[in-house]
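A.B. asks: Numbering of the sequence shown is given in the working numbering, commencing with residue 2 and proceeding in unit increments. Glycine residues also receive a C-beta, built at the ideal position from the N, C-alpha and C atoms. Keep in mind it's a predicted model, so treat the numbers as computed, not measured.
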Amino acid sequence: MYPWFIALHHKLMRSAAAQSLHHALLINAKPGMGKHEFVHTLANDLLCHAPFNLTACGQCQSCLLNNAHTHPDRYVIASDKQISVNEIREALVKLQDHAQLSQRKVLIIEHADTMTEAAANALLKTLEEPTDNTYLLLTVSDIQRLLPTILSRCEKNSVTAPSAAEITSWLHETHQQTVAEDMMRAYQYAPLSIATALLETPETNYLSFKQDLGAIKKGQMHSVSFAQKWHQQAYQCLGWLQLMLQSKCLNAPDDASRLHYLDVSEFVRTEMQRVHHQGINKRLVLSHVIDKVMS
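Encoded structure:
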């Protein structure tokens, strides 16, 4: 389990042991924190027949079925797109049945903040009138996108990003990697995002982005070539530029420089909104922004 979830895990499992666990748990954390892995671990622990020290034993029939993803009392809704009302209804029908193996039933809804309004309304009745020993585990990245009626019926658990020191320790222990804090800031202190950038996408991570900006400054790379390489990550690149400009603004030697960086930052923010529009030439936008920022 990721260390930044341990305290929450202990709190929830102690409540479960005392039979006082809320029936609907909302886990709110930014992308790259591992919240989906956490709720799956929590589901394993809740369904285990003989948990040891508040964690699943890993050996009982329930744990073996969980590991094989075939547990009859565990249901999962996971979608990269909007969660439809039919997906919610199908899962809720299954929850009406008695538990087949464990004393509890668990429904995991990943990306619950992508439910359509109809889907959220379909879920509402179950939240208001839960069946016995049934637990709903919802994950969200943007809690504001949930209907107030859903929020009011869930126990909200927000997990904040770990500190720079905690990230450094985790990266060293798990990946034998170290990073500067500006790299952490570029990925919003989300440890899994940082690890993925270091290990899986070194050619298009923040460090490579900084190197290419340096190459432009030295006249070794043209903004058009930069845009050709980075256009698929245009929105992220513009976000990184804003972070850099904010840092420059905070450390500006005088008011004139500070106003200049604020003006350029506002320009970049406007262009960030544009790259989301369908049909926008991201290469052209990115090249234009780089020329403006580097001038």
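1. Run through DSSP, which three-state label would Arg75 get?
2. Would you kindly work out how many angstroms separate the C-alpha atoms of Phe227 and Asp213, rounded to a whole number?
3. Below 7 Å between beta carbons: does that hold for Glu111 and Thr140?
4. Could you tell me the boundaries of the beta strand (DSSP E) in which Ile28 lies?
5. Excluding the 5 residues preceding and the 5 following Ala51 in the sequence, name in chain order all residues of the same chain whose CB lies nearer than 7 Å to its CB.
6. If I measure Cβ to Cβ from Cys238 and keep anything under 7 Å in the same chain, skipping five residues before and after, which residues do I get?
7. Give me the DSSP bridge partner(s) of Ser209.
8. I'd like to check one pair, Val265 with Leu246: are the Cβ atoms closer than 7 Å?
9. Can you tell me whether Asn122 is helix, strand or coil according to DSSP?
10. Which ranges does the alpha helix (DSSP H) cover as unbroken runs of at least 4 residues, wholly within the region 180-254, from first to last along the chain?
11. Tell me whether Thr202 is buried or exposed, calling it buried when 16 or more other Cβ atoms sit within 10 Å of its Cβ.
12. Look at the Cβ atom of Leu128, then the Cβ atom of Arg154, and state whether they are nearer than 7 Å.
13. Checking the sheet assignment: what are the DSSP bridge partners for Glu156?
14. Between the region 156-166 and the region 182-192, do at least 3 Cβ pairs fall closer than 8 Å?
15. What is the DSSP secondary structure of Thr175, counted as helix, strand or coil?
C.D. replies: Taking the structure as given:
1. Here residue 75 refers to the residue found at position 74 when the sequence shown is read from its first residue. Of the three classes helix, strand and coil, the one that applies to Arg75 here is strand, per DSSP.
2. Numbered from 1 along the sequence shown, position 226 holds the residue referred to as residue 227. Numbered from 1 along the sequence shown, position 212 holds the residue referred to as residue 213. So the alpha carbons of these two residues sit roughly 7 Å apart.
3. Within the sequence shown, the letter at position 110 stands for residue 111. Within the sequence shown, the letter at position 139 stands for residue 140. Yes.
4. The residue you call residue 28 lines up with position 27 of the sequence shown. Looking at the DSSP string, the run of the beta strand (DSSP E) that includes Ile28 is Ala25 to Asn29.
5. To locate residue 51, count along the sequence shown from 1; it is residue 50. Correct list, in chain order: Cys58 and Cys61.
6. For this step, residue 238 is matched to residue 237 along the sequence shown. Excluding sequence neighbours, Cys238 sits near Phe210, Trp231 and Leu287.
7. By 1-based counting over the sequence shown, the position of residue 209 is 208. The partner list for Ser209 (beta bridge, DSSP) is empty, contrary to what the question assumes.
8. Locating residue 246 in the sequence shown gives position 245, counting from the first residue. Locating residue 265 in the sequence shown gives position 264, counting from the first residue. In this structure, Leu246 sits near Val265, with a CB-CB distance shorter than 7 Å.
9. Here residue 122 refers to the residue found at position 121 of the sequence shown. Here Asn122 sits in helix by DSSP.
10. 182-187, 192-200, 207-218, 224-231 and 235-251
11. As a working note, residue 202 is residue 201 in the sequence shown. Per the 10 Å Cβ criterion, exposed.
12. The residue you call residue 128 lines up with position 127 of the sequence shown. The residue you call residue 154 lines up with position 153 of the sequence shown. For Leu128 and Arg154, yes; Cβs fall inside 7 Å.
13. Along the sequence shown, read from residue 1 onward, the residue named residue 156 stands at position 155. Partner(s): Leu26.
14. Taking a contact to require three or more Cβ pairs closer than 8 Å, the region 156-166 and the region 182-192 qualify as touching.
15. For this step, residue 175 is matched to residue 174 along the sequence shown. Three-state DSSP puts Thr175 in a helix.
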